[in-house]
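Shown next, in structure tokens, is the structure this report addresses.
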Amino acid sequence: ERKIQPKMVIVEAWNEWGEGSYIEPHKQFGFGYLDAIREVFTNAPKEHSDLAPQDVGLGPYDVKPFELKTAWEFNKDGDREGWTGFMQTRGLEAKDGVLRGESVGNDPALGSPPVRAKAAQFPYVIIRMKSSLKDTAQLFWATASHPHSERTSIRFDLPGDNQFHVYSLPVGQSRSWRGTIMHLRLDPGNTPGAKFEIDYVRLAEKPQE
Numbered sequence: 009e010r011k012i013q014p015k016m017v018i019v020e021a022w023n024e025w026g027e028g029s030y031i032e033p034h035k036q037f038g039f040g041y042l043d044a045i046r047e048v049f050t051n052a053p054k055e056h057s058d059l060a061p062q063d064v065g066l067g068p069y070d071v072k073p074f075e076l077k078t079a080w081e082f083n084k085d086g087d088r089e090g091w092t093g094f095m096q097t098r099g100l101e102a103k104d105g106v107l108r109g110e111s112v113g114n115d116p117a118l119g120s121p122p123v124r125a126k127a128a129q130f131p132y133v134i135i136r137m138k139s140s141l142k143d144t145a146q147l148f149w150a151t152a153s154h155p156h157s158e159r160t161s162i163r164f165d166l167p168g169d170n171q172f173h174v175y176s177l178p179v180g181q182s183r184s185w186r187g188t189i190m191h192l193r194l195d196p197g198n199t200p201g202a203k204f205e206i207d208y209v210r211l212a213e214k215p216q217e
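Each residue of the sequence shown is one higher than the one before, starting from 9 at the first, in our numbering.
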């Protein structure tokens, strides 16, 4: 015997501004979409009270959004300014004015926080860093249309003398440095056991003297 299924309406994504664990009003239309659904599918009266998250003590979100920056200085102990160890690194920390760590594989990588920078405005990325081993580092970038790849990268040599050097990388010469830069990835070498320290990473309009 065939069972009659209850009538059901599934509503999804009426509010692109409301991702989270509670219902929020649309930034432009408030709860208008829900009002329309109620009028069509229920006999509830039009008179009602809407509760927004702040009315019941919810929000703001616990996780603060990253501040969009074009330079990272690592001057505050414990504040990596959004940079993380993507892979094959350990001990990554911000201390004594640098971001330091150690590679534990052949493809160590660090990732920046989200970036929203116009490529045409910043034809250089300037990195001041040092490494304990002679090696080759590589900077990758991602745009709105291109992910990290060899095409969206530039290499530079590390002398391995454990002294700080400034690298003014002419990323603007690459045909892939276009549009909006969304993210950076820095591979501080390709040899395990290398200890590295990064003083700063800066998007710049001209090379550093």
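All C-beta atoms, glycine included, are put in the ideal place defined by N, C-alpha and C.
Remember, it's a predicted structure, so these values are computed and weren't measured experimentally.
* To do: Check whether the region 114-126 touches the region 158-175, counting contact only when three or more Cβ pairs, one atom from each stretch, lie closer than 8 Å.
  => no
* Since Ser111 sits in a beta bridge, which residues does DSSP pair it with? -> Thr97
* With respect to the alpha helix (DSSP H) encompassing Ala42, which residues constitute its N-terminal and C-terminal limits? -> What sits at residue 42 in the sequence shown is Leu, not Ala. It spans 40-49 - the alpha helix (DSSP H) in which Leu42 sits, taken as one unbroken run.
* To do: For the beta strand (DSSP E) containing Asp58, list its first residue and its last residue.
  => Element bounds for Asp58: n/a, residue is neither H nor E.
* In chain order, what residues of the same chain lie with their CB nearer than 8 Å to the CB of Ser29, ignoring the 5 residues before and after it? -> Here Ser29 scores only 46 on pLDDT, less than 50, and its place in the model should not be relied on; the value that follows carries that caveat. Contacts found: none.
* Compute the distance between the beta-carbons of Ile134 and Ser176, then report whether it is under 7 Å. => yes
* Please classify Val179: does DSSP put it in a helix, a strand, or coil? => helix
* For the region 85-99 against the region 149-156, are there 3 or more C-beta pairs whose distance is under 8 Å? -> no
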